[in-house]
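**Q** If you read the sequences in order, they're chains E and P.
First residue of the first sequence? That's 1 in our numbering, and the numbers climb one at a time after it.
First residue of the second sequence? That's 227 in our numbering, and the numbers climb one at a time after it.
Beta carbons: idealized from backbone N, C-alpha and C, even for Gly.
Note that this is a predicted model, so its numbers are computed, not measured.
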Amino acid sequence: MAPIAEIRNLKVRYGGRTVLDIPELTLEKGVRYALIGPNGSGKTTLLRILAGVIKPGEGNAKVLTNSIGYMPQKPYAFGFSVSRNVELAIRNKEGANAQALEALEKVGLSSMAARKGDRLSGGETQRMAFARILAEPRELILLDEPTAAADIEGSVRMELALFEYIRDTGCSFLFSTHMPSQAAAIAQKIIMMEGGRISELGDSEQVLYNPSSESARLFLSHWRLA
Amino acid sequence: MRILNTLMGLPPVVAGLLVFFLLSRSGPLGEFRLLYSVPAMVTAQVILITPVVVGLSATIVSDRAPRLRETAVGMGMGRWQEALCLLYDCRAQLLSAVFIGFGRSIAEVGAVSIVGGNVQYKTRVMTTAIMLETNKGNFGLAVALGIVLLFISFIINTLALSLQEREAARKEGKQAHGSHR
């Protein structure tokens, strides 16, 4: 399968500490990946590098498309209306308003389209940010704990909308999560990170139920209880 | 940032002295004959107040910029659009910083008296007039001018504070809304 992103000898250091060290990683086109691992394992840093928010200190992180949508863990809501907040993510401005309203409908925020974006709660802001992703078809979607602040209803809505989006666009997809059920339900492949390194990479079932390393087994045994 | 902080505390007479040297006959800009003119006073005030407004603005903007940047990159926004959105979202606080700068500039006496010369009907401002009337012993007039200046300063600071309070109330309202859910 053709690659959508390639990482070679990537190293990121903060204050002398190596927070990311990935000798090689290839993300394949059209595949859904989940990124799991304890806090501080480098998941967010990896997503930020692929999204182009930060530059790698050493090595290469090559994304083979310009059509990327990235949703950070704590998305920012502009002081405009909620619909305008979504419109800003749409490149073709013709019909952008209708697209934005359609995306807001999918995440259950259409009744708040006229409200100021910065008046939303944390969960609502996350749903609005998710609507920005849904508003336009993209080739690579990167989401950092997309449902962390959402309530159960919001989470379910977002997951359903995501399934629909993936089915319609056939996009490549990488997301980090703390929910085992979410990783198992959405991802085809799982990347497990530990101390800035990839400790496991393989098909979802294999990694979740039959990990090769002892540390991964230990982490997942706690994780399933979460 | 260190340079900016130093400039924020620049003594007005030093700013005045700097502009005086620049604009005096033997100075590099002496040929323009701007000393003891309003443009000279404006230049000194700009040197004095710009670091204050820039310093306050930097603090205001740096609070939001990292999160906004991460989101903007993820949305594929250009740098200009990102900057305009940042300015729009900080507009109330930035306007408040401008008011604070203006309030400081109208209360300033050292720099404007050095480069303005306190020339009647030309470069005399309220602060230099107060200084002159005090020196002449016209304490009543000096105090009256002082009260007017204080009143203007009070109005400007009230405007600045109300903008800051409005912003704080907006944030609180958001938090209350968030926690309610």
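By the three-class DSSP mapping on this structure, what secondary structure does E/GLU24 have?
**A** strand
**Q** I'd like to know whether the C-beta of P/ALA394 is nearer than 9 Å to at least one C-beta of chain E.
**A** no
**Q** Assign P/HIS406 to one of three DSSP states: helix, strand, or coil.
**A** Because P/HIS406 carries a pLDDT of 46, less than 50, the predicted location of this residue cannot be relied on, and the following value inherits that uncertainty. Three-state DSSP puts P/HIS406 in a helix.
**Q** With the cut-off set at 9 Å, would you say E/SER172 and E/ILE4 are in Cβ contact?
**A** Between E/SER172 and E/ILE4, the gap from beta carbon to beta carbon is short of 9 Å.
**Q** Can you confirm whether the region 271-291 of chain P touches the region 32-45 of chain E when touching is taken to mean that 3 or more C-beta pairs between the two stretches lie within less than 8 Å?
**A** no
**Q** Kindly indicate which three-state DSSP category E/ALA5 falls into: helix, strand or coil?
**A** Strand at E/ALA5.
**Q** Interface residues of chain E around P/TYR347 at Cβ under 7 Å?
**A** In chain order: nothing, as chain E lies at least about 46 Å away.
**Q** Under 9 Å, Cβ to Cβ, is there at least one residue of chain E near P/ARG305?
**A** By this cut-off, P/ARG305 is not an interface position.
**Q** In this structure, what does DSSP give as the bridge partners for E/ARG197?
**A** E/GLU194
**Q** Would DSSP call P/ILE340 helix, strand or coil?
**A** helix
**Q** Check the Cβ of E/VAL53 against every Cβ in chain P and list those closer than 9 Å, keeping chain order.
**A** ARG295, GLU296, VAL299 and GLY300
**Q** Quick one: give me the first and last residue of the beta strand (DSSP E) that E/GLY122 is part of.
**A** Here E/GLY122 belongs to no beta strand (DSSP E); instead the alpha helix (DSSP H) covers 122-134.
**Q** Where do the N-terminal and C-terminal ends of the beta strand (DSSP E) with E/GLY69 fall, by residue?
**A** 68-71 is the span of the beta strand (DSSP E), which, as asked, contains E/GLY69.
**Q** Pull up the CB-CB distance for E/ASN92 and E/ASN60, whole angstroms please, since I reckon it's below 8 Å.
**A** The Cβ separation is near 31 Å, so there is no contact.
**Q** Since P/LEU243 contacts P/SER250 with CB under 8 Å, what's their CB separation in whole angstroms?
**A** The pair is not a contact, with the Cβ atoms about 10 Å apart (cut-off 8 Å).
**Q** So for E/ASN39, helix, strand or coil by DSSP?
**A** E/ASN39 falls in the coil class under three-state DSSP.
**Q** Would P/GLY366 be called buried (16 or more neighbouring beta carbons within 10 Å of its own) or exposed?
**A** exposed
**Q** Between which two residues does the alpha helix (DSSP H) containing P/SER202 stretch?
**A** Only positions 227 to 407 of chain P appear in this structure, which leaves residue 202 of chain P out of reach.
**Q** Three-state secondary structure (DSSP) at P/TYR347?
**A** Looking at P/TYR347 - three-state DSSP - the assignment turns out to be coil, as it is neither helix nor strand.
**Q** Measuring only between beta-carbons, confirm whether E/PRO72 sits less than 9 Å from chain C.
**A** Judged by its chain identifiers, the structure shown contains no chain C, and its protein chains are E and P.
**Q** Go ahead and pull the three-state DSSP assignment for E/ASP118.
**A** helix
**Q** Excluding the 5 residues flanking E/LEU101 on each side, which residues of the same chain have their C-beta closer than 7 Å to its C-beta?
**A** Cβ within range, chain order: SER83, SER110 and ALA113.
**Q** Measuring alpha carbon to alpha carbon, tell me which of E/GLU105, E/LYS74 and E/TYR70 ends up nearest E/ALA89.
**A** E/TYR70
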